[in-house]
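Heads up: the structure comes next, in structure tokens.
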Ligand code: AHG
Ligand code: MN
Ligand code: MN
């Protein structure tokens with residue numbers, strides 16, 4: 002709710018920031034993604050549920066401070082996804098993943114490096130035309146919409162399921178020049194006259210994902226000749242959304258593996274990502290495999 006409130010007045014803060022970097026009270030205006038990062042840490046560190054946290058915005062994980070009670074979970078998050086869209090009033094979000102941790106022993110980085118299949122819960126908050134909270138604990142996917150007049154998230158999308166096949170594809174086509182043959186052939190196939198696809202790309206993964214989840218389709222951020230593993234992060238982006246999409250009946254793959262089966266080697270590991278309706282993902286993966294990527 003706090004991040005949503007700040008995101009909703011980002012335009013105002015930017016105007017004030019541009020005038021000298023201070024707000025009306027003379028305080029330093031924080032960049033919104035740093036702000037989101039510290040809000041999540043501050044609101045989650047003292048509740049007694051967590052033993053540690055890892056964020057896309059921090060080099061290494063943090064342990065819950067001595068002064069607070071510790072719990073049996075780890076929180077991993079992307080505090081603001083799609084942050085290049087803040088200044089232009091386009092939907093952004095927060096993505097999170099929760100792992101179990103056996104309390105009573107020293108927390109190490111290895112405790113965060115668990116395959117996505119072991120997530121206890123995951124979800125995202127989308128700061129869109131309305132603010133939505135979507136999550137799974139492995140028992141389906143449920144969506145809540147923030148009603149600002151009462152300050153509560155109300156259940157608006159119970160048991161979200163994604164269509165088995167969809168007509169939307171989402172990929173940054175400016176990267177065509179870097180693509181491997183499998184990606185190029187797949188996208189060309191979608192554009193062929195007998196197909197009836199529609200391209201949609203916001204540039205905020207969480208927003209592109211949410212639209213495709215509800216309408217059906219596929220989002221791709223493949224590995225290419227420039228970046229072998231693409232751009233998206235396994236622990237903060239791919240794993241939580243893969244858990245959601247599978248719970249909604251869809252699929253997520255890196256091209257050669259189910260996302261949730263990847264054993265992470267490091268906190269900020271990247272992975273190619275094909276995610277969305279099951280049939281679309283399967284088609285893309287089959288072609289990628291045929292082309293030997
Ligand atoms: P973040 O803002 O957390 O760094 O993530 C940005 C990501 C993701 O949201 C989006 O899908 C992707 O970057 C867009 O990348 P391109 O601009 O390369 O298409
Ligand atoms: Mn992101
Ligand atoms: Mn981010």
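Residue numbers (the working numbering): 2 to 294.
Positions of the beta carbon are idealized from the N, C-alpha and C atoms, including for glycine.
These numbers were taken from a predicted model, which means no experiment stands behind them.
Item	Value
Through-space distance from residue 168 to residue 188, alpha-carbon basis	12 angstroms
Boundaries of the beta strand (DSSP E) in which residue 163 is found, first to last residue	Careful: residue 163 lies outside any beta strand (DSSP E) and carries neither H nor E.
Nearest-angstrom Cα separation, counted from residue 55 out to residue 109	11 angstroms
CB contact check: residue 70 to chain D, cutoff 8 angstroms	Checking the listed chains, one finds no chain D in this structure; it contains a single protein chain.
Own chain, CB closer than 6 angstroms to residue 233, minus 5 neighbours either side, in chain order	222, 239, 274
Residue 4: first and last residue of the uninterrupted alpha helix (DSSP H) it sits in	3 to 9
Residue range of the unbroken beta strand (DSSP E) whose run includes residue 129	No beta strand (DSSP E) holds residue 129; DSSP gives it neither H nor E.
For residue 153: DSSP bridge partner residues	148
Contact set for residue 231: own chain, Cβ-Cβ below 8 angstroms, skip 5 residues either direction	222, 223, 224, 225, 271, 272, 273, 274
Nearest-angstrom Cα separation, counted from residue 227 out to residue 193	27 angstroms
Touching by the beta-carbon criterion (3+ pairs, under 8 angstroms), the segment 28 to 48 and the segment 120 to 127	no
Check: residue 1 C-beta below 7 angstroms from any heavy atom of ligand 2	Nothing in the structure corresponds to residue 1, since the chain is present only between 2 and 294.
Helix, strand or coil at residue 269 according to DSSP, with G and I counted as helix	coil
Residue 105 to residue 74 span [Cα, whole Å]	12 angstroms
Three-way DSSP call (helix, strand, coil) for residue 172 in this model	coil
Simplified DSSP state of residue 65, which is helix, strand or coil	coil
contact_flag[the segment 257 to 266, the segment 148 to 166] where n(CB pairs < 8 angstroms) is 3 or more	no
Residue 113 versus residue 100 - alpha carbon distance	8 angstroms
Contact set for residue 23: own chain, Cβ-Cβ below 6 angstroms, skip 5 residues either direction	Low confidence applies to residue 23: its pLDDT is 41, below 50, so where it sits in the model is not reliable, and the reading given next is rough at best. Taken in chain order, the list of residues that qualify is empty.
Residue 166 and residue 217 closer than 8 angstroms at C-beta	yes
Which listed residue (131, 80, 81, 72) has its alpha carbon closest to that of residue 102	72
Residue 143, DSSP secondary structure in three states	strand
CA nearest to the CA of residue 172, picked from 146, 186, 200	200
Residue 91 in three-state terms, based on DSSP	coil
C-beta contact flag for residue 51 and residue 76 at 8 angstroms	yes
Distance cut-off 7 angstroms: residue 174 Cβ against heavy atoms of ligand 1	no
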